[in-house]
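In this note's numbering, the protein residues as written are 55 to 367.
This is the structure in structure tokens:
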């Protein structure tokens with residue numbers, strides 16, 4: 055029997071709120087329609103207003119210079135909700151960070167265009183946050199980006215790839231993230247096991263973070279299930295090796311027996327959040343130990359050995 059006081063339950067008590075993400079009977083993630091935080095319009099695209107939601111610590115004030123995290127949701131660039139990382143955003147706010155959840159334009163499911171508008175919006179959102187740092191109590195030099203799946207691509211994109219800026223953006227404001235939290239990210243769009251090739255095609259260099267590794271990239275932490283059917287383990291291993299070769303820190307955590315989106319469910323939600331917390335603490339962005347309780351051993355499922363590793367023996 056699972057522990058009734060897993061991370062979501064404890065977080066509910068900690069924050070005193072009643073709207074947490076729930077898992078459906080089929081195990082799919084169901085998120086609240088509207089993210090936590092104060093809504094701001096960060097951009098207008100035609101006649102559409104694009105919003106982001108700022109979740110600040112209870113004692114935050116404009117004179118602060120706190121680190122910030124900007125979250126981008128997953129959904130293959132064609133779906134998903136900006137509230138996907140609602141629990142993570144509210145948790146990190148209790149740890150002293152300002153967190154932001156971003157709405158961005160989605161692609162037509164039936165289309166074949168590359169994720170240009172998604173990338174443009176991600177950079178616009180980063181620029182909005184940095185240009186409003188003084189009123190949000192944010193240190194403009196400590197703004198991280200996080201995301202899952204396609205959102206992981208966007209988070210890595212704003213940290214690593216030049217170009218694809220919205221012409222209406224103020225290019226004098228940097229869109230570059232200073233740290234990356236990447237949850238099963240589709241950050242490799244190349245032909246060798248990359249995801250999104252059908253849309254990116256020959257424009258890999260323009261969109262793929264894994265093909266733009268350089269010495270000025272921000273430190274990153276990556277989480278991936280070894281049984282992810284969309285993202286081969288080899289792409290993460292190549293990415294981590296490339297970052298290391300460039301002199302950039304990249305902590306890669308692989309989870310045996312787990313598939314795509316595993317981090318949305320317990321006990322992996324707590325496990326990945328604890329590691330992300332410790333990663334940010336190692337950068338000097340957080341102080342003290344994570345306040346998320348470690349999952350009880352009984353809550354951690356047994357996993358079969360990785361087939362490749364077993365065969366190697």
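By construction, the Cβ of each residue, glycine as well, lies at the ideal position given by its N, Cα and C atoms.
Please read all numbers here as calculations on a predicted model, not as lab measurements.
Assuming the contact rule is C-beta atoms closer than 8 angstroms, residue 214 and residue 271 should be a hit. Round their C-beta distance to whole Å, please. 5 angstroms
Can you name, in chain order, every residue of its own chain whose Cβ lies under 6 angstroms from the Cβ of residue 220, other than the five neighbours on each side? 174 and 178
Range covered by the alpha helix (DSSP H) that runs through residue 184: 170–185
Please state whether DSSP places residue 298 in a helix, a strand or coil. helix
Presumed contact (8 angstroms Cβ cut-off) between residue 149 and residue 340, rounded CB distance: 5 angstroms
Would residue 103 and residue 95 qualify as a contact pair, given that the criterion is a beta-carbon distance under 8 angstroms? yes
Where does residue 190 sit, in a helix, a strand or coil, going by DSSP? helix
Terminal residues of the continuous alpha helix (DSSP H) containing residue 325? 322–336
Of the listed residues 225, 232 and 222, nearest to residue 194 (C-alpha basis): 232
Could you tell me whether the Cβ atoms of residue 126 and residue 209 are closer together than 8 angstroms? yes
Compare the Cα-Cα distances from residue 180 to each of 158, 165, 169 and 92 and report the closest residue. 158
Runs of 3 residues minimum, wholly inside the stretch 130–167: which ones carry the beta strand (DSSP E) assignment? 152–156
Nearest-angstrom beta carbon gap, residue 276 and residue 294 [assumed within contact, 8 angstroms]: 7 angstroms
7 angstroms Cβ shell around residue 92 - same chain, five flanking residues per side excluded: 107 and 108
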